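Numbering (the working numbering), first residue to last: 68 to 440.
Glycine is no exception: its CB is placed at the ideal position from the N, C-alpha and C atoms.
Nothing here was measured: the structure is a model prediction, and the numbers come from that model.
Here is the structure we will look at, set down as structure tokens.
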Amino acid sequence: MATAQLAGRRPLWPLIRQYMTVFDGPLAIIVFLIFAVSTITMYSAGLDFPGRVEDHLRNIIVSFVIMWIAAVVPPQTLMRFALPIYTVGVALLVAVAMFGLIKKGARRWLNVGVVIQPSEILKIAAPLMLAWFFQKREGMIRWQDFIIAALLLLIPFGLIAKQPDLGTAILVGAAGFYVIFLAGLSWKVMFGLVLAGGASLPVVWSMLHDYQRARVMTLIDPTTDPLGKGFHIIQSMIAIGSGGVAGKGWMSGTQAHLEFIPERTTDFIFAVYSEEFGLIGNCVLLVLYLLLIGRGLLISANAPSLFSRLMGGAITMIFFTYAFVNMGMVSGILPVVGVPLPFMSYGGTAFVTLGLGIGILMSIQRHRKLVQT
């Protein structure tokens with residue numbers, strides 16, 4: 068009787084395996100390693116913030132759940148929702164501009180029963196919409212289509228920049244630009260855009276808010292206001308430099324634990340990591356990000372449809388933008404614009420957005436294999 072019952076039971080591993088195979092193995096391992104590094108760093112950076120590590124672990128779990136859900140959804144299904152998601156996202160941005168909540172001088176949030184930040188939706192919705200747009204015109208893309216795509220991108224970009232939220236606007240603009248570029252934008256046009264952008268700098272400067280101009284001036288010479296606007300940059304550069312080659316050791320960073328580094332669990336967590344793990348640790352983290360980007364580009368290159376290739380390529384390059392901008396601003400080579408370090412900085416919204424992006428890449432890879440079989 069007992070033997071018959073055991074024979075009727077299915078082994079546990081095959082049951083688990085059918086749910087785990089939705090993950091792309093190499094990509095999942097890379098992300099897991101970054102999560103491990105981020106948890107170790109957050110434990111040290113968040114000592115003076117009760118519950119911060121627990122919340123960070125919760126965000127990691129939520130991110131994995133989002134990855135799994137996104138990996139299960141076929142790219143074709145995702146494409147069908149591109150226009151509705153983009154439309155809802157832009158409508159919410161308009162609602163924010165009209166009657167959004169104001170915090171610290173910025174109108175970025177909307178109360179719809181719960182307080183949300185609609186601009187986060189456009190980090191995925193904008194490239195999703197543009198990828199859908201070019202998929203519909205596959206094989207007959209004209210120069211007019213690039214103009215329409217640019218307008219579709221400028222609408223959310225302008226609404227987000229007006230809030231003001233320059234960091235998110237840059238990320239949304241970059242994500243959309245990557246789609247337009249991968250769709251076949253001419254290098255001549257890009258060169259012309261660079262020249263036009265350079266010529267328009269005086270106009271752009273006049274449109275910036277006072278605090279945004281101060282960030283640019285602080286980048287040029289942070290010592291002009293060492294205890295004010297230049298404090299973040301100066302202290303983070305000291306932390307990075309004092310880490311040396313091998314670092315001061317885990318939980319031994321003086322700049323972090325003496326509270327000289329502001330926002331050390333969020334935008335400036337790279338300074339904490341650099342001080343404690345030094346140049347060697349930085350190289351390890353850079354290799355992990357490069358592996359993530361390389362795997363994402365490989366998945367995108369082998370995708371079966373134009374939509375999947377454009378969407379996958381844009382998501383992969385947005386990870387590069389996140390990492391480059393964050394490390395650049397913490398190192399003092401870019402202005403401070405409030406961009407988190409992927410899967411390292413504390414923040415639930417960023418984890419959800421980035422987890423969704425990784426999940427979409429896994430979906431592209433998984434359903435390509437299903438098509439081939």
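Identify the residues that DSSP records as bridge partners of residue i: which are they?
| i | result |
| --- | --- |
| Asn393 | BP columns for Asn393 are empty, so no partner. |
| Asn178 | Val182 |
| Ala323 | According to DSSP, which records beta bridges pairwise, Ala323 is partnered with nothing at all. |
| Ala10 | Residue 10 lies beyond the residue range present for the chain, which begins at 68 and ends at 440; the question has no answer from this structure. |
When you compare each of the options to residue i by their alpha carbons, which one comes out closest?
| i | options | result |
| --- | --- | --- |
| Ser253 | Ile222, Met274, Phe213 and Arg280 | Phe213 |
| Gly180 | Ile215, Phe410, Gly167 and Val392 | Gly167 |
| Ile328 | Leu160, Met304 and Gly172 | Met304 |
| Ala236 | Asp115, Leu100 and Pro223 | Pro223 |
| Glu187 | Leu218, Met207, Gly92 and Tyr153 | Tyr153 |
| Ala242 | Pro93, Phe386 and Arg147 | Phe386 |
| Glu121 | Thr106, Phe131 and Pro409 | Thr106 |
| Lys190 | Thr383, Tyr413 and Ser430 | Thr383 |
| Ala192 | Val392, Val157, Leu218 and Ile97 | Val157 |
| Leu100 | Leu355, Leu249, Gly415 and Gly361 | Leu355 |
| Gly240 | Pro194, Gly259 and Pro231 | Pro194 |
| Thr388 | Lys171, Phe335 and Leu238 | Leu238 |
| Ser367 | Ala417, Ile183 and Ala198 | Ala198 |
| Val256 | Ile336, Thr420, Gly363 and Trp210 | Trp210 |
| Pro231 | Met196, Arg174, Gly206 and Val270 | Arg174 |
| Thr88 | Ser273, Arg331, Met134 and Ile128 | Met134 |
| Thr332 | Leu421, Lys170 and Phe410 | Phe410 |
| Leu408 | Phe391, His123 and Val419 | Phe391 |
| Leu325 | Leu150, Gln302 and Leu346 | Gln302 |
| Ala250 | Ala381, Leu160, Ser273 and Ile300 | Ala381 |
| Thr285 | Thr420, Ser398, Phe90 and Ile128 | Ser398 |
| Gly415 | Phe131, Ile287 and Asp115 | Phe131 |
Quick check on the DSSP output: the alpha helix (DSSP H) that includes residue i runs from which residue to which?
| i | result |
| --- | --- |
| Arg209 | Note, Arg209: premise wrong, no alpha helix (DSSP H); not H, not E. |
| Leu355 | Ile336 to Ala368 |
| Ala250 | It is not in any alpha helix (DSSP H) - Ala250 carries neither H nor E in the DSSP assignment. |
| Phe298 | Phe298 to Ser309 |
| Pro142 | Pro142 to Arg147 |
For a test of the three-state rule: what should DSSP assign to residue i, helix, strand or coil?
| i | result |
| --- | --- |
| Arg433 | helix |
| Ile400 | coil |
| Pro329 | coil |
| Val89 | coil |
| Lys229 | coil |
| Val129 | helix |
| Tyr110 | helix |
| Ser375 | helix |
| Asp445 | A query on residue 445 cannot be resolved here, the shown segment of the chain reaching from 68 to 440 and no further. |
| Tyr153 | helix |
| Ser273 | helix |
| Ala74 | Below a pLDDT of 50, predicted positions are generally treated as unreliable, and Ala74, at 49, falls in that range; no measurement from the model is reported. |
| Pro194 | helix |
| Gly234 | helix |
| Lys315 | coil |
| Phe410 | coil |
| Ser267 | coil |
| Gly405 | coil |
| Gly295 | coil |
| Ala69 | Because Ala69 carries a pLDDT of 48, less than 50, the predicted location of this residue cannot be relied on, and the following value inherits that uncertainty. Helix. |
| Trp135 | helix |
| Leu421 | helix |
First and last residue of the beta strand (DSSP E) that includes residue i?
| i | result |
| --- | --- |
| Leu168 | Leu168 to Lys170 |
If contact is defined by three or more beta carbon pairs under 8 Å, each pair taking one atom from either stretch, is the region 305-318 in contact with the region 339-347?
yes
Whether or not the region 202-209 and the region 369-382 are in contact is what I'm after, with contact meaning three or more pairs of Cβ atoms, one per stretch, closer than 8 Å; do they touch?
yes
For the 8 Å Cβ check, are there 3 or more pairs between the region 375-384 and the region 422-436?
yes
Segment contact, 8 Å Cβ cut-off, at least three pairs: the region 171-186 with the region 396-406:
Too few Cβ pairs lie closer than 8 Å, so no.
With a threshold of 8 Å, are at least 3 pairs of Cβ atoms found where one atom belongs to the region 312-325 and the other to the region 102-118?
Yes, the region 312-325 is in contact with the region 102-118.
Tell me, please, whether the region 136-156 touches the region 423-430 by the rule of three or more beta-carbon pairs shorter than 8 Å.
Result yes; three or more Cβ-Cβ pairs closer than 8 Å.
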